[in-house]
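Engineer: Here the protein sequences come in this chain order: A and B.
Just so you know, we're using the numbering used here here: the first sequence kicks off at 44 and counts up by one.
Just so you know, we're using the numbering used here here: the second sequence kicks off at 44 and counts up by one.
Positions of the beta carbon are idealized from the N, C-alpha and C atoms, including for glycine.
In this text the structure is predicted, and so the values were computed from the model without any measurement.
Have a look at the structure that comes next, please.
2 protein chains.
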Amino acid sequence: MDDKTMQPLLQHMLCLDLYAANQAVHRVYKPLLAPLGLTYLQYLVMVGLWEKDPLSVSEIGARLGLESNTLTPMLKRMEAAGLITRRRDPGDERRVNISLTTEGDEMRAAAGEIQRCLMEATGRSEAELLRFQEDLRGLIGNVRRAADDG
Amino acid sequence: MDDKTMQPLLQHMLCLDLYAANQAVHRVYKPLLAPLGLTYLQYLVMVGLWEKDPLSVSEIGARLGLESNTLTPMLKRMEAAGLITRRRDPGDERRVNISLTTEGDEMRAAAGEIQRCLMEATGRSEAELLRFQEDLRGLIGNVRRAADDG
DNA sequence: AGCCTTTAGATCGTATACGATATAATCGTA
DNA sequence: TACGATTATATCGTATACGATCTAAAGGCT
């Protein structure tokens, strides 16, 4: 086994493909979200709020794998854009409840079409995507456990 | 079909899983790379240079899907850290050749072990990972084509 | 009640990302 | 050979990410 095979070749690295896949998906979303004035991450927050409203900052963080250091500035931008409101929870003053404004709620109508575009962009059937997603989630679980242990 | 099924549920969104997968891998790498003083992205650049040296900025960009607006500042940081050198190509003064310093080249030795840790973190066999990677690359290709067309 | 710990957000500094734009070098072609 | 188009990199502004640290509120325990 020579030097070449001992080192991680870029073309063999799964991490790079995950990086590239995420980037590619991000790039499909951007032009679809631009007319709504939403970034990719902001869209993911909106999807969460369309499911359940209100959500605390940490509840949003649990869904997206992010913490207040990333979320607080972004949520302030979304508040300034008139998409959401931020209010201290009366029952627990540590928590900040995030709610959709009327304007934010009305964007929900555009989301179905965006999701359809994404499905189509993958060139896969719904069944294929579900199988792939299941595989991906198993891998995520393993990697997260490894990160927490190590 | 009610409102709920018309909207993209967060738990069904593949994009979120790709986002989470990338994040999880990133988090496994970080502590492994910290002793080397490398960020995740800087590591990916180093891997490229361990394969071929020198590389131009755009050659690195083609491998990582990034452009000079991201790479130039990062490469300057790597230069300041003594990992690489940046020199204009004498044959084409538009190009900037990136080369490893002796210190940068010597880090190569640590890369094999890091790669092994990552493989292990996935909890998958090499064959399983290759199959998954092939699937992922197919999906990336489709999504990129969709992004370029649309 | 007093006090220690935990929890939820916020802040700061640094490092990606990327659209838009600028600049200089090279190329193509009339 | 002049000159518009293209190419390679750099710069700027804004938006993520995240480790480290701070503050305030809540919880637990004596």
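Using only the alpha-carbon positions, how far apart do P97 (chain A) and R137 (chain A) sit?
Structural biologist: C-alpha separation (whole angstroms): 15 Å.
Engineer: What does DSSP give as the partner residue(s) for T128 (chain A) in the beta ladder?
Structural biologist: Its beta-bridge partners are A:S142.
Engineer: Interface residues of chain A around I183 (chain B) at Cβ under 7 Å?
Structural biologist: Within 7 Å Cβ-Cβ: D60, A63, A64, A67.
Engineer: By DSSP, does L98 (chain A) sit in helix, in strand, or in coil?
Structural biologist: In the structure shown, L98 (chain A) sits in a strand (DSSP, three-state: E or B).
Engineer: Name the chain B residues that come within less than 8 Å of V71 (chain A), Cβ to Cβ?
Structural biologist: V186, A189, A190, G193, listed in chain order.
Engineer: Kindly indicate which three-state DSSP category M49 (chain B) falls into: helix, strand or coil?
Structural biologist: Note that M49 (chain B) scores a pLDDT of 49, beneath 50, so its modelled location is shaky; the value from the coordinates is reported in the next line. In the structure shown, M49 (chain B) sits in a helix (DSSP, three-state: H, G or I).
Engineer: What residues in the region 85 to 111 of chain A bring their beta carbon closer than 8 Å to a beta carbon of chain B?
Structural biologist: Residues L87, V90, G91, W93, E94, R106, L107, G108.
Engineer: So, helix, strand or coil for E156 (chain B), using DSSP?
Structural biologist: Three-state DSSP puts E156 (chain B) in a helix.
Engineer: Do you know offhand how far L172 (chain B)'s Cα is from T128 (chain B)'s?
Structural biologist: Cα to Cα, the separation comes out at about 35 Å.
Engineer: Are at least three pairs of beta-carbons, each pair with one atom in the region 112 to 126 of chain A and one in the region 138 to 152 of chain A, less than 8 Å apart?
Structural biologist: With the cut-off at 8 Å, the region 112 to 126 of chain A and the region 138 to 152 of chain A touch.
Engineer: Counting only the same chain and skipping the five closest in sequence on each side, list residues whose C-beta sits under 6 Å from that of K47 (chain A).
Structural biologist: Caution is warranted here: a pLDDT of 46 is assigned to K47 (chain A), below 50, making its placement in the model unreliable, and the coordinate value is therefore given only provisionally. Taken in chain order, the list of residues that qualify is empty.
Engineer: When DSSP labels each residue in this structure, what does E177 (chain A) get in the three-state scheme?
Structural biologist: Correct three-state label for E177 (chain A): helix.
Engineer: So with CB distances below 8 Å, who are the chain B contacts of D135 (chain A)?
Structural biologist: What D135 (chain A) touches in chain B: nothing, since even the nearest Cβ is about 24 Å away.
Engineer: Let's see if you can read the secondary structure: which residues bound the alpha helix (DSSP H) around A67 (chain A)?
Structural biologist: 57 to 76 is the extent of the alpha helix (DSSP H) around A67 (chain A).
Engineer: Rounding to the nearest angstrom, what Cα-Cα distance links K73 (chain A) and M150 (chain A) in this structure?
Structural biologist: Distance between the alpha carbons of K73 (chain A) and M150 (chain A) is about 16 Å.
Engineer: Rounded to the nearest angstrom, what separates D45 (chain B) and E156 (chain A) at their Cα positions?
Structural biologist: Residue placement at D45 (chain B) is flagged as unreliable, the pLDDT there being 45, under the threshold of 50; the coordinate-derived value follows with that caveat. Taking the straight line joining both Cα atoms gives about 16 Å.
Engineer: Name the chain B residues whose beta carbon is nearer than 8 Å to that of L118 (chain A)?
Structural biologist: In chain order: nothing, as chain B lies at least about 17 Å away.
Engineer: From L107 (chain A) to P133 (chain B), what distance separates their C-alpha atoms?
Structural biologist: The alpha-carbon atoms of L107 (chain A) and P133 (chain B) are separated by roughly 47 Å.
Engineer: Within 10 angstroms of its Cβ, does D60 (chain B) collect 16 or more other Cβ (buried), or is it exposed?
Structural biologist: Counting Cβ neighbours within 10 Å, D60 (chain B) comes out buried, since at least 16 surround it.
Engineer: Inspect the CB distances between the region 110 to 118 of chain B and the region 78 to 89 of chain B and report whether three or more fall short of 8 Å.
Structural biologist: Contact between the region 110 to 118 of chain B and the region 78 to 89 of chain B is present, because at least three Cβ pairs lie under 8 Å.
Engineer: Does the beta-carbon of A189 (chain A) have 16 or more other beta-carbons within 10 angstroms, so that it is buried, or is it exposed?
Structural biologist: So A189 (chain A) ends up on the buried side.
Engineer: May I ask whether a heavy atom of the ligand SAH can be found less than 8 Å away from the beta carbon of T145 (chain B)?
Structural biologist: Annotation note on the ligand SAH: not contained in the displayed structure, which lists no ligands.
Engineer: Any idea if V186 (chain A) is buried or exposed, counting beta-carbon neighbours within 10 angstroms, 16 or more meaning buried?
Structural biologist: Buried is the call here.
Engineer: In whole angstroms, what separates the C-alpha of I183 (chain B) from that of R174 (chain A)?
Structural biologist: Answer to the nearest angstrom: the Cα atoms are 16 Å apart.
Engineer: At which residues does the alpha helix (DSSP H) containing L79 (chain A) begin and terminate?
Structural biologist: Careful: L79 (chain A) lies outside any alpha helix (DSSP H) and carries neither H nor E.
Engineer: Per DSSP, what kind of secondary structure is E171 (chain B) in: helix, strand or coil?
Structural biologist: Three-state DSSP puts E171 (chain B) in a helix.
Engineer: Give the residues from the region 158 to 174 of chain B that approach chain A closer than 8 Å (Cβ to any Cβ), ordered along the chain.
Structural biologist: Correct list: Q158, C160, L161, E163, A164, T165, G166, R167, L172.
Engineer: Check the C-beta distance from N140 (chain A) over to S101 (chain A) and give it rounded, since I have them as a contact under 8 Å.
Structural biologist: The pair is not a contact, with the Cβ atoms about 11 Å apart (cut-off 8 Å).
Engineer: In three-state terms, what does DSSP make of E136 (chain B)?
Structural biologist: Reduced to three states, the DSSP call for E136 (chain B) is strand.
Engineer: Below 8 Å on the Cβ atoms is my contact criterion, and I expect C19 (chain A) with L161 (chain B) to pass it. Report the Cβ-Cβ distance as a whole number of Å.
Structural biologist: Residue 19 (chain A) lies beyond the residue range present for chain A, which begins at 44 and ends at 193; the question has no answer from this structure.
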